[in-house]
Amino acid sequence: MAPPPQQTPRIPAPPASGAARAGAAPGAVLLVVSSAVFLASLDLFIVNIALPAIRQAFPGEDLANASWVLNGYTVVFAAFLAPAGRLADRYGRRRAFLVGTALFTAGSAACAAAPTIPLLVAFRAVQALGAALVMPTSLALLLSAFPAARRAVAVSVWSAVGGVAAAAGPPLGGLLVPLSWRWIFLVNLPVGLLALAFGPKILRESKDTSSGVPDLPGAGGLVLGIGALTWALVSGSDDGWGSPRILAAGALSALALTWVALRSRRHPVPVLDLAALSRPPLWLACTAMLLFTVGFGSMLFGNVLFLTGSWHYSVIAAGLALAPGPAVVVVVSLTATGRLAGRFGPGPVAAAGALSFAAGAASWVWRMGEAPHYATELLPGQFLTGLGVGLILPSLSGVVGTVLPSHQWGAGSSLINTARQIGAVLGVALLVVVYGPAPGLDAFRRGWTFLAAVAVAAALAAAAMTTRMHSGAAPRPGIDQGPDADPPSGAAPAPSVVGPRSGAQPLPSAAADGVHTAGDHPDT
1 MAPPPQQTPR IPAPPASGAA RAGAAPGAVL LVVSSAVFLA SLDLFIVNIA LPAIRQAFPG
61 EDLANASWVL NGYTVVFAAF LAPAGRLADR YGRRRAFLVG TALFTAGSAA CAAAPTIPLL
121 VAFRAVQALG AALVMPTSLA LLLSAFPAAR RAVAVSVWSA VGGVAAAAGP PLGGLLVPLS
181 WRWIFLVNLP VGLLALAFGP KILRESKDTS SGVPDLPGAG GLVLGIGALT WALVSGSDDG
241 WGSPRILAAG ALSALALTWV ALRSRRHPVP VLDLAALSRP PLWLACTAML LFTVGFGSML
301 FGNVLFLTGS WHYSVIAAGL ALAPGPAVVV VVSLTATGRL AGRFGPGPVA AAGALSFAAG
361 AASWVWRMGE APHYATELLP GQFLTGLGVG LILPSLSGVV GTVLPSHQWG AGSSLINTAR
421 QIGAVLGVAL LVVVYGPAPG LDAFRRGWTF LAAVAVAAAL AAAAMTTRMH SGAAPRPGID
481 QGPDADPPSG AAPAPSVVGP RSGAQPLPSA AADGVHTAGD HPDT
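Structure below.
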């Protein structure tokens, strides 16, 4: 199921710059950047549907090891998204976009040729580095190419691309995997090569030399900390939770994450700007996002295994069976979430979304059996979980522009989306623990119960966030003055669930840490 397409950020329109001044064809720019975003978004969902086939291709690899094909990508993407945007601002957004596209394309080719699971995981990390460069720079390049009057439409198209890619991922993966799981990576090559061929001719360079040098060692520490924790979770059942290796991994994770937190407090351009968490609504939004995406990531991983393992669906049938969920997400997030959040506020809408997701997961616990009854057992839960995803993810992202001053929008977006990616990683890892070594129907029911429980916890966090937002009644300069407060140069767009109806436009900064589409996958 797809994360919803990113809603239009509401900040003031920047002056025309870059390609807009040079007269580059905006439609061509939109085509080039959207093609790369489509690849980054599509790849996660194709890989998800292909994971059972990848396991079969490497006999002896258990579920814990195979899960790193997903987790390795998400960990690297989560850690390097913010620094990649800052690097692009400083050294050139066009250059960063082309380098990112080249890395992603080369990584795809290497994944297709990978002879072992460890090498496949390593090449997935290369893909993730490329995606981390592509996602923020694509928006910055797009906005600089369009005149102010057309930016809202352009961003709406850009936003929808990720949702369309995610919806297309399961059925397309189902068609390709029977040929070979390697085709899910080879399909990226023609599009990536076309973007590299035409990108240098179409895209215009822009940069912000005043942007500080990002904390790349801090990003590396984040990869180490999250990676060690994830490894301990997926390996604990086999090694024993008290084994020296598991305890050492837990200690390494704690040390690395503590070091990142301490370093982030004093670095001028930290990988995580923890000062923004001093606002209770934001840290509650991050908590809700983390909890919800634990369940969301678990669902994406677990339902593929259930359909192919328990109901014995072919990969094609499984891909088609999962397609309605992403379609519901796209429709809800584009047509309903903004209006509801504008009327009731982001907190209640997010809480309702989490409860809808929990109801969908609970329906699977009660109704799913050994014999396949798709229309009466799986499909109703897909509609409920799709509704939930479409409501909660845009709503939580929109909190940033409501509770933070404009100069902290980029930091807040980075925190929200780091929580989103970490939640997806932990969801897969924890589901491996919940399932045990040989998943059967009872194990899948435990998994759906786990999904429902973390979604209810996310709803409680969203409700608490609503209470804290209402308690801070006094307007504060730069926070409650609305979206027309001018951000400093290089500030990231603050995601909004209000949509493009106002005249406000996003600022074209590649440091748009939180502004990305379904490539935020798990993946983003």
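Just so you know, we're using UniProt numbering here: the sequence shown kicks off at 1 and counts up by one.
Even glycine gets a Cβ: it sits at the ideal position worked out from N, Cα and C.
The structure presented is a predicted model; accordingly, all values stated were derived computationally and were not measured.
Annotation: the continuous alpha helix (DSSP H) that includes S138 extends over I117 to A145.
Contact annotation, A462 with A350: C-beta distance approximately 4 angstroms; criterion of less than 8 angstroms satisfied. Listed in chain order, the non-local C-beta contacts of R245 below 6 angstroms within the same chain comprise D239, local neighbours out to five positions each way being set aside. When only Cα atoms are considered, A318 and T467 end up about 41 angstroms apart. Cβ neighbours of W231 within its own chain (closer than 7 angstroms, five residues either side excluded): A249. In the DSSP assignment, T402 falls within the unbroken alpha helix (DSSP H) covering V400 to V403. Restricting attention to G85, A168 and P136, the CA atom closest to the CA of L44 is found in A168.
Straight-line spacing of the CA atoms in P26 and L142 works out to 8 angstroms. Residue state for Y313 is assigned as coil, using DSSP reduced to three classes. Counting along the chain, the unbroken alpha helix (DSSP H) around G338 starts and ends at T337 to F344. A78 is positioned such that its CB atom lies closer than 8 angstroms to that of I422. If you draw a 10 Å sphere on the C-beta of A113, you find fewer than 16 other C-beta atoms in it, and that means exposed. Nearest to I416 by alpha-carbon distance, out of L81, I184 and W448, is L81. DSSP places G60 outside both helix and strand once states are collapsed to three, so it counts as coil.
DSSP, read as helix, strand or coil, puts A371 in coil. Rounded to the nearest angstrom, the Cβ distance from V432 to L63 is 6 angstroms, consistent with a contact under 8 angstroms. Per DSSP, S243 lies in no alpha helix (DSSP H) segment and is marked neither H nor E. For T105, the enclosing alpha helix (DSSP H) covers residues R93 to A113.
Measuring C-alpha to C-alpha distances from V304 to each of S243, V428 and L396 identifies V428 as the nearest. For the 8 angstroms CB-CB criterion, I316 and P178 form a contact. Assignment of W259 by DSSP, reduced to helix, strand and coil, places it in the helix class. In terms of Cβ geometry, T293 and N188 do not form a close pair [threshold 8 angstroms]. By the C-beta criterion, the region 385-396 is judged to be in contact with the region 330-347, since at least 3 inter-stretch pairs fall below 8 angstroms. With a contact defined as Cβ atoms closer than 8 angstroms, V271 and D215 qualify at about 5 angstroms. Just measuring C-alpha positions, the residue of L172, A256, T402 and R151 sitting nearest L282 is T402. Straight across, the Cα-Cα distance linking S264 with L257 is about 10 angstroms. Shown here, K207 sits in coil according to DSSP, grouped into three states, outside any helix or strand.
The region 153-224 is shown to contain whole alpha helix (DSSP H) runs of 4 or more residues at 183-186 and 188-202, in chain order. Between L103 and G130, the gap from beta carbon to beta carbon is short of 8 angstroms. Put simply, the backbone Cα of F296 is about 36 angstroms away from that of A149.
Straight across, the Cα-Cα distance linking W68 with P147 is about 43 angstroms. Taking a 10 Å sphere around the C-beta of D273, we find 16 or more other C-beta atoms and assign the residue as buried. In the three-state DSSP reduction, A323 falls in the coil class, being neither helix nor strand. Contact annotation: I49 and G173 have beta-carbon atoms nearer than 8 angstroms. If you compare the alpha carbons of A443, S34, L430 and V33 with that of G236, the shortest gap goes to L430.
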